[in-house]
Amino acid sequence: MQENVTRCSWAGTDPLYVAYHDEEWGKPLYDDQKLFELLMLEGMQAGLSWFTILKKRENFREAFDRFDPRVIAEYGPDKVEELMQNPGIIRNRLKIQAVITNARVYLGIVEERGSFADYLWSFVDGKPIDNHRERTSDVPASTPLSDAMSKALKKKGMKFVGSTIIYAFMQSSGMVNDHTVDCICRKIG
Numbered sequence: 001m002q003e004n005v006t007r008c009s010w011a012g013t014d015p016l017y018v019a020y021h022d023e024e025w026g027k028p029l030y031d032d033q034k035l036f037e038l039l040m041l042e043g044m045q046a047g048l049s050w051f052t053i054l055k056k057r058e059n060f061r062e063a064f065d066r067f068d069p070r071v072i073a074e075y076g077p078d079k080v081e082e083l084m085q086n087p088g089i090i091r092n093r094l095k096i097q098a099v100i101t102n103a104r105v106y107l108g109i110v111e112e113r114g115s116f117a118d119y120l121w122s123f124v125d126g127k128p129i130d131n132h133r134e135r136t137s138d139v140p141a142s143t144p145l146s147d148a149m150s151k152a153l154k155k156k157g158m159k160f161v162g163s164t165i166i167y168a169f170m171q172s173s174g175m176v177n178d179h180t181v182d183c184i185c186r187k188i189g
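See the structure below:
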């Protein structure tokens, strides 16, 4: 963690959050399973802070079989009940069931398109959209592009993929670069 540098204001000073900002957020992600994990965690975050999810991320990975969609797609009622008893994750039945549903949809997308990453990145023509935000307050909660991706994913049957969740996902996966213009991460790439 570099000191005395300017970062996006939301990064704060907590070492976990700063490391996430500096090492992960906004870096283009093209791995199918990692994109699935990130999208599921963004859905789990709905109504909560990302910091809450970040602190529980390893627990989520363990509880959800490293976010392997093939394994998750086979979860039944017993696994849902097991997850509902796990204090290390967000114990929201609708969100847990959404992860299972979404794993099944993911498998369909991979079968249809060959790659989850290719499908998602097609919404931005395969390359990041480089925004030039002066301040974090200039960043919208959603955009027409996140509306379109959200609508497409919902049409395929995914849950917890509203436009605001999708825009946060697009930022974190590097599909859009919303690091502020003075942020060290914009300067070093």
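If you count the sequence shown from 1, position 126 lands on 126 in UniProt numbering, and the numbers rise without skipping. A virtual CB, placed ideally from N, CA and C, is assigned to each residue, including glycine.
CA-to-CA distance, residue j to residue i, given in whole angstroms
{"i": "residue 86", "j": "residue 6", "result": "38 Å"}
{"i": "residue 149", "j": "residue 115", "result": "16 Å"}
{"i": "residue 80", "j": "residue 93", "result": "8 Å"}
{"i": "residue 139", "j": "residue 178", "result": "7 Å"}
{"i": "residue 13", "j": "residue 91", "result": "28 Å"}
{"i": "residue 21", "j": "residue 118", "result": "24 Å"}
For residue i: DSSP bridge partner residues
{"i": "residue 4", "result": "In the DSSP output, where bridge partners are listed per residue, residue 4 has none listed."}
{"i": "residue 176", "result": "129"}
Cut-off 7 Å between Cβ atoms - residues of its own chain near residue i, not counting five sequence neighbours on either side
{"i": "residue 174", "result": "26, 27, 28, 29, 128"}
{"i": "residue 165", "result": "42, 43, 46"}
{"i": "residue 142", "result": "163, 164, 167"}
Chain B contact for residue i (CB, 7 Å cutoff)
{"i": "residue 143", "result": "Checking the listed chains, one finds no chain B in this structure; it contains a single protein chain."}
Continuous alpha helix (DSSP H) stretch holding residue i: start and end
{"i": "residue 148", "result": "144-156"}
{"i": "residue 91", "result": "Counting along the chain, residue 91 falls outside any alpha helix (DSSP H), and DSSP gives it neither H nor E."}
{"i": "residue 75", "result": "Per DSSP, residue 75 belongs to no alpha helix (DSSP H) and is neither H nor E."}
Spatial neighbours of residue i in its chain, beta-carbon cut-off 6 Å, leaving aside the 5 residues before and after
{"i": "residue 75", "result": "100"}
Tell me, please, whether the stretch 106-113 touches the stretch 126-142 by the rule of three or more beta-carbon pairs shorter than 8 Å. no
Note to self: Below 8 Å, how does it come out for the stretch 176-183 and the stretch 29-39: are there three or more Cβ pairs, yes or no?
What the structure shows: no
How about the stretch 91-106 and the stretch 150-162: do they share at least three Cβ pairs that are nearer than 8 Å? yes
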